[in-house]
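Chemist: As given, the protein sequences belong to chains A and B, one line each in that order.
End of the first sequence sits at 410 in our numbering; the numbers just go up one at a time, nothing left out.
End of the second sequence sits at 1316 in our numbering; the numbers just go up one at a time, nothing left out.
Cβ coordinates follow ideal geometry from the N, Cα and C atoms, glycine included.
All values reported here derive from a predicted model rather than from experimental measurement.
Pasting in a structure now, in structure tokens, and then I'll have a few things to ask.
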Amino acid sequence: MEVKLREGISKLKVKHVQGIAIIPKSENSDFRLLKGNLNMIASPSKLSPSNWLELEARLPGAEKRAPPPAASPAPGAVLHLPPRLICRCIAVCAALTGGTLSEGRRHHHSVWPPPSPSFRLLGFPQSQVKILLFYLIFYGCLAGIFIGTIQVMLLTISEFEPKYQDRVAPPGLTQIPQVLKTEISFSASDSKSYEMYVSAINKFLLTYSDEQQMGNAAFEDCGDVPSSYKDRGEYKEGQGRKNVCKFKRDWLGNCSGLHDPTYGYKDGKPCLIIKLNRVMGFKPKPPQNSSLPEDFVGKFHENIIPIHCAGKKEDDVSKLGTVEYYGLGGFPGFPLQYYPYYGKILQPDYRQPLVAVQFTNLTFDTEVRIECKAYGENIHYSDKDRFQGRFDVKFDIKSS
Amino acid sequence: MGKAETYDMFEVEARRGADGELGVSVKKGRGAKKKEKLESMKKEMDVDDHTLSVEDLEIKYSTSVRKGLSGGLAAELLVRDGPNELKPPRGTPEYVKFARQLAGGLQCLMWVAAAICLIAFGIQCSQGDLTSADNLYLAIALIAVVVVTGCFGYYQEFKSTNIIASFKNLVPQQATVIRDGEKFQLNANQLVVGDLVEIKGGDRVPADVRITSAQGCKVDNSSLTGESEPQTRSPECTHESPLETRNIAFFSTMCLEGTATGIVINTGDRTIIGRIASLASGVENEKTPIAIEIEHFVDIIAGLAIFFGATFFVVAMVIGYPFLRAMVFFMAIVVAYVPEGLLATVTVCLSLTAKRLARKNCVVKNLEAVETLGSTSVICSDKTGTLTQNRMTVAHLWFDNQIHTADTTEDQSGQSFDQSSETWRALSKIISLCNRALFKGGQDAVPVPKRIVIGDASETALLKFAELTVGNVQDYRERFPKTCEIPFNSTNKFQLSVHALEAELGAGAGSRHVLVMKGAPERILERCASILIKGQELPLDAQWQEAFHTAYVQLGGLGERVLGFCHLYLDERQFPPGFAFDAEEPNFPTSGLCFAGLVSMIDPPRATVPDAVAKCRTAGIRVIMVTGDHPITAKAIARGVGIISEGSETVEDIAARLRMPIDQVDKRAARACVVNGGQLKDMEGEELVETLKMHPEMVFARTSPQQKLIIVESCQKLGAIVAVTGDGVNDSPALKKADIGVAMGIAGSDAAKNAADMILLDDNFASIVTGVEQGRLIFDNLKKSIAYTLTKNIPELAPYLIYITASVPLPLGCITILFIELCTDIFPSVSLAYEAAESDIMHLKPRNPRRDRLVNEPLAAYSYFQIGVIQSFAGFADYFTAMAQEGWWPLLCLGLRPHWENHHLQDLQDSYGQEWTFGQRLYQQYVCYTCFFISIEMCQIADVLIRKTRRLSVFQQGFFRNRVLVIAIVFQVCLGNFLCYCPGMPNIFNFMPIRFQWWLVPMPYGLLIFVYDEIRKLGVRRHPGSWWDKELYY
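And the structure:
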């Protein structure tokens, strides 16, 4: 087969070549194999219909010439060209079955040799628009798949109940006010120095005022002695909102702020409000008697999670003085009837039980480290997380 | 002392004119400006010692031709000139070698990254943020990686250097010296100028020696000139040039036979060989192609890193981060772009290939050279010892008016010729008897071709030939005892011996003696009156003479050395047994003999070479022969091994065929071209380049070391990546200049081995083909490894970008990234080095170093912006899953970061109203890290599978064919499991035991990667040349 190129056409595709292709150099032009592999074609075993060659010929003057007549030849046609510009592509075949020849892209600005492709992300090439479009579609599809995946994933989780509670339980024990480096430092005589603590407690206890717990059917009086858990059914929307137990602010006694709006700070007898972090469905179990500190004898009730504050180290113990506990029924702990928690949707007005502690005889002008612990069978402590089931706080009260 | 030395800038070039005579030209250094440093190396002493009379020499060197130097003077001179040894090429100090390992392209990138990390850490510290030492860890990890891989690479090179060093001959050379009139043995390095030395056959010439007396002394100058023919040394000055004259023997050449006495005129580095060796050390080493590729790649990485960093710096500023914080972000992004694991991957891949090559007897001195052979487009090969066996062997015989081909293979596996003719019996007798060469004793177990023979090259060849074809020559000779002998000399040009015949074996009735003779064919023919054809003695008429000449010319045209053989049965009556033959004044006929045949010898090509050359050709590599030998021999060997292919003609061939003058022949029509040193000398640089372009098949003969250098440079000017093979000292400058120098391990001189990058332990040119194949394979596979390694950069970077812009809790931590980069993904990326070639790589052209880059735009774009992005999405899907299932819904996560990271907030509420302490959140964050890690791992498994091929479908390539890769995947999964579930991990490396479901989340994305890549490959295969192919085929 002999192929003649038309004037101005510098690329040539030989498709579906079978057999052996020999491309001799012609006098006036030069061939360059753009794609495909001659040897691939030379060994018929590797042939498949998709094998093909693309050749580029250097035709003298081809760049300068006006574009050739547009009539495109039918595939397989032999193209004629003035002999001067003949490029020969002879495919010597055992059989050139189905060999077709089509005209390649025209090269209007053909430069020889073609510019070496540089890293084209920075300097935009011609096919920029195509690439842009490609990536638009590509990322569009990806984003679709991603959103789809997220949607499927959201189907697996319930609005009312977390799927797993691997990290959040056992709960943390936190104190109000939460301060930087858990260091409470103030001077009793200087109201400015403890203002931030007072306002933090104020802010927190606001929702515990009687007015905030009235007028809504959801509030339920759970009595003023600790009692056992109050199961309120499944974690589903079915029965609508669930009731919550009231927690009266005045149970906090001297630390309720009702009598002393500075929560004892002005006397150097600071209060801390302690709460157990909310964890859905979590039923804290009261501890076995044996594991409790001695102070608890007499104060213990089987339906509370006791709280106990003590000096962190030996020398802190002597500086600590007495500690007053205020809670439901005067018990230093969280009564069980407030548990379990049903989540923010089912119990939007949930009031978690509080315990207030007041340090009435702290040594002034020195740092006192106090650790408060909640005791319970399923309340654990961790070395890494210092707020799990306990917390420590440092007092530094200045006398002047 | 009276030694005149002028250190002018002169260049001496050994050159042979067209007439084959040696000529030397001393001319003002050509191109002196360009290579001033080099030229000064080539400084030529005004050696006139060869023209001086012996008396003048005695005066000049204060010595005596009888007594030698006085001991005292010798000691003085030794102090002045130093020992007589070649200064070892200034070996790179070990610490420099090590430092070089730390200063590659990738290494520099990592140093910069480490510096940035430290700066960022400094900034954070100064801001009082002491909580996160990630930047410090990162810096330490980066530095550790550089140092560890540096140590590894250094160790690799150290090992191969050791292999090479073990070849060094450590036995000190001895020399026989006469001092104070006493003869004694001395270590050759103690010699000084003026010493009187004795040389005998088998010795190595201990210094440049002016011969004062000689008996049949022949030296082998092949290590200097590449010429395998022995050359006579005698006291007469035969040429004004020191290189050409016969009365100077050169340092380190071999004395083959005879004895000689002479005065040492140059020692150590001032000898000719010393000067060539120092020429080599003046040549700069070329940068390896892989180093260039890696630099190019580092440019891309650095560009992208800064682009990304700057973009997000601006974004961070716009969002409202403080400047310093944005700066830290910028640095972190730049650093995150550094593929920490890549350096290790590349080093390990290269050393794996180096190991594989070493198993095939190619030792690589420099790891990067492993790939160079793969990119090679031109091999300039020395002839002697590389392409040929470096031993004369009988190649053809002419008897019975027919040319017979002898077996020249090393292992005698070739075809033998018909040995039934009577003429052959006669000829074989002459060959066996008229031969002074002897096997050294005690070699019965050694195969004949490998036995050591005492005698010159031609006689050795004939002896071995006879031993192989006839049988025990020693016995044969004993049966026909020699009664008289006239040895070969240059005036007679023949060798003759008379042997007694055993009665019953006498072929000619009534003979008791046979006279056998061999020598230059035309001289032999002159002395013959008859010719033996098929056992019949026929008169030697014009017709037979014509036949003889045709055969002679034909054999000579093959570049072979031809000898004629004849014999004569002496009449018993005239020469009865016990007749006293007189060798001095022959009392027996020396003419009117019976011509038996011609034997031609050549240093034959190694058996494996033609095949190897053919393979190089199919691989698109041009093999050029560059030799110091004669053009005719060179051309014959070139034809023999296929460097000049069948049917290719040189200009001279065309001229001869068309019977027209050479200058009228169209040079373009000649595919082949033989250029000798003389022509080369007259060529301008451009002309040589033109010649190289015009003729695809080139042979350079009679080239000097400098010219070899020029040829290599010209090829490099053409854009070729040049490999040079050689063994001699004369090759060493070219070996050094080449992109990859390949030295012969057995035959190679130390100078050559020092200059080379690769050493063929078995001296087998065919090993080069293996090298090419492995080099190409590793280039392809490195591409895959790099693509694999780069991909995960995006999923490692994206979390940080999202963290900055969307303020989500950090999905992926720094230590986790380091684990991906340096732990889990190293093995799979290295396992890609074991991947088999996708196509027949030995049928492809060498890559174009300017077009076919290691890391090109499609590779980076495809890895970063497509696969990498899919992986990122997989990671985020898993991240959001883990968060949502633990209580943090996706929308809540957005903007959560300030609260999330607040150390003092111990009751942060999640989507269900649950309260989280900081510690709980931190562990949750670690869970996210682990999920993201697992996602990347899962996707990387898909990634490593798709990277197996760039074009073929993975199904075509075979899933499990690369066992190492399968093991690597298993290893990766196991390691992932270990990291997740090993107790203690959370607090050491921030890995948390995650729920099984979270392993499954990224799997659809892995599948997506696999399917997408199969589609890509399908498109690439189906539509080559299309837009798809151009943008997506890397």
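Residue range of the alpha helix (DSSP H) that W1171 of chain B falls in?
Modeler: Counting along the chain, W1171 of chain B falls outside any alpha helix (DSSP H), and DSSP gives it neither H nor E.
Chemist: How about K366 of chain B and T527 of chain B: are their beta carbons less than 9 Å apart?
Modeler: The sequence as given places Asn at residue 366 of chain B; Lys does not occur at that position. Result no, Cβ atoms of N366 of chain B and T527 of chain B do not sit closer than 9 Å.
Chemist: Is there a Cβ of chain B sitting closer than 9 Å to that of G353 of chain A, yes or no?
Modeler: yes
Chemist: At 4 residues or longer, and completely inside the region 1107-1138 of chain B: list those alpha helix (DSSP H) runs for me, N to C.
Modeler: 1108-1113
Chemist: Going by the beta-carbon positions, is the gap between G356 of chain B and V479 of chain B smaller than 9 Å?
Modeler: According to the sequence shown, residue 356 of chain B is Ala rather than Gly. Cβ distance not < 9 Å, so A356 of chain B and V479 of chain B don't count as in contact.
Chemist: In whole angstroms, give me the CA-to-CA distance for V652 of chain B and N643 of chain B.
Modeler: Separation of V652 of chain B and N643 of chain B (C-alpha to C-alpha, rounded to the nearest whole angstrom) is 13 Å.
Chemist: Measure the CB-CB distance between L1100 of chain B and Y619 of chain B and report whether it falls below 9 Å.
Modeler: No, the Cβ-Cβ distance between L1100 of chain B and Y619 of chain B is not below 9 Å.
Chemist: Could you check the C-alpha separation between P123 of chain A and R1133 of chain B for me, to the nearest Å?
Modeler: For P123 of chain A, the predicted model reports a pLDDT of 39, less than 50, meaning its position is unreliable; a value from the coordinates is still stated below. About 12 Å.
Chemist: If S1342 of chain B sits next to L797 of chain B, beta carbons under 8 Å apart, how far is it from one beta carbon to the other, in whole angstroms?
Modeler: Residue 1342 of chain B is absent from the model: chain B starts at 283 and stops at 1316.
Chemist: Could you compute how far the alpha carbon of N1075 of chain B sits from the alpha carbon of G1150 of chain B?
Modeler: 7 Å
Chemist: Below 6 Å CB to CB, which residues in the same chain sit around D477 of chain B once its five sequence neighbours on both sides are set aside?
Modeler: L351, V459 and V546
Chemist: Between L164 of chain A and chain B, is any beta-carbon pair separated by less than 9 Å?
Modeler: Judged by the 9 Å Cβ criterion, L164 of chain A is in contact with chain B.
Chemist: Would DSSP call L1234 of chain B helix, strand or coil?
Modeler: coil
Chemist: Quick one: using the 10 Å Cβ neighbour count with 16 as the cut-off for buried, is S408 of chain B buried or exposed?
Modeler: With fewer than 16 other Cβ atoms within 10 Å, it is exposed.
Chemist: In terms of DSSP beta bridges, what is I493 of chain B paired with?
Modeler: B:G544
Chemist: Can you pull the chain B residues whose beta carbon is under 7 Å from the beta carbon of K394 of chain A, in chain order?
Modeler: G1201 and N1269
Chemist: Which residues in the same chain as F830 of chain B place their Cβ atom closer than 7 Å to its Cβ, once the five residues preceding and following it in sequence are excluded?
Modeler: L807
Chemist: Measure the C-alpha to C-alpha separation of P1110 of chain B and S1217 of chain B and round it to an integer number of angstroms.
Modeler: 16 Å
Chemist: Would you list, in chain order, the members of the region 274-293 of chain A that have their beta-carbon closer than 7 Å to a beta-carbon of chain B?
Modeler: Within the region 274-293 of chain A, the residues whose Cβ lies closer than 7 Å to some Cβ of chain B are N287, R288, V289 and M290, listed in chain order.
Chemist: Going by CA-CA distance only, name the one from B:G1008, B:T654 and B:V780 that's closest to L632 of chain B.
Modeler: Distance from the Cα of L632 of chain B is smallest, within the candidate group B:G1008, B:T654 and B:V780, for B:T654.
Chemist: Can you tell me which of B:G1010, B:E972, B:L1247 and B:L814 puts its alpha carbon nearest to the alpha carbon of K990 of chain B?
Modeler: B:G1010
Chemist: What residues from chain A crowd round E1313 of chain B, counting only those whose CB sits closer than 9 Å?
Modeler: S137, K140, I141 and F144
Chemist: In chain order, what residues of the same chain lie with their CB nearer than 8 Å to the CB of I661 of chain B, ignoring the 5 residues before and after it?
Modeler: C898, I903, R904, V905, I906, V1004, A1005, V1006, T1007 and I1050
Chemist: Suppose only complete runs of 4+ residues qualify. What are the alpha helix (DSSP H) ranges in the region 687-775 of chain B, listed by chain order?
Modeler: 704-715, 739-751 and 755-761
Chemist: Check H578 of chain B in the structure and name its three-state DSSP category.
Modeler: helix
Chemist: Just how far apart, CA to CA, sit E340 of chain B and K349 of chain B?
Modeler: 11 Å
Chemist: Could you pull out every unbroken beta strand (DSSP E) segment of at least 3 residues lying fully inside the region 788-839 of chain B, listed in chain order?
Modeler: 793-801, 810-815 and 818-821
Chemist: Distance check for L391 of chain B and V610 of chain B, CA to CA, integer angstroms please.
Modeler: 18 Å
Chemist: If you draw a straight line from the alpha carbon of H912 of chain B to that of D885 of chain B, how long is it in whole angstroms?
Modeler: 12 Å
Chemist: What ranges does the beta strand (DSSP E) occupy inside the region 602-652 of chain B, keeping only unbroken runs of at least 3 residues that lie completely in it?
Modeler: Runs of the beta strand (DSSP E) inside the region 602-652 of chain B: 644-646.
Chemist: Are there 16 or more other CB atoms within 10 angstroms of the CB of A470 of chain B, so buried, or fewer, so exposed?
Modeler: buried
Chemist: If V1248 of chain B and F1242 of chain B are in contact, beta carbons under 8 Å, what's the gap, nearest whole angstrom?
Modeler: 6 Å
Chemist: Is there at least one Cβ from chain A nearer than 9 Å to H831 of chain B's Cβ?
Modeler: no
Chemist: Of the residues B:I1276, B:W706, B:F699 and B:V780, which one's Cα is nearest the Cα of T765 of chain B?
Modeler: B:V780
Chemist: Within the continuous alpha helix (DSSP H) that includes H1181 of chain B, where are the two ends?
Modeler: R1179 to W1182
Chemist: Taking C-beta to C-beta, are L1042 of chain B and G656 of chain B nearer than 9 Å?
Modeler: no
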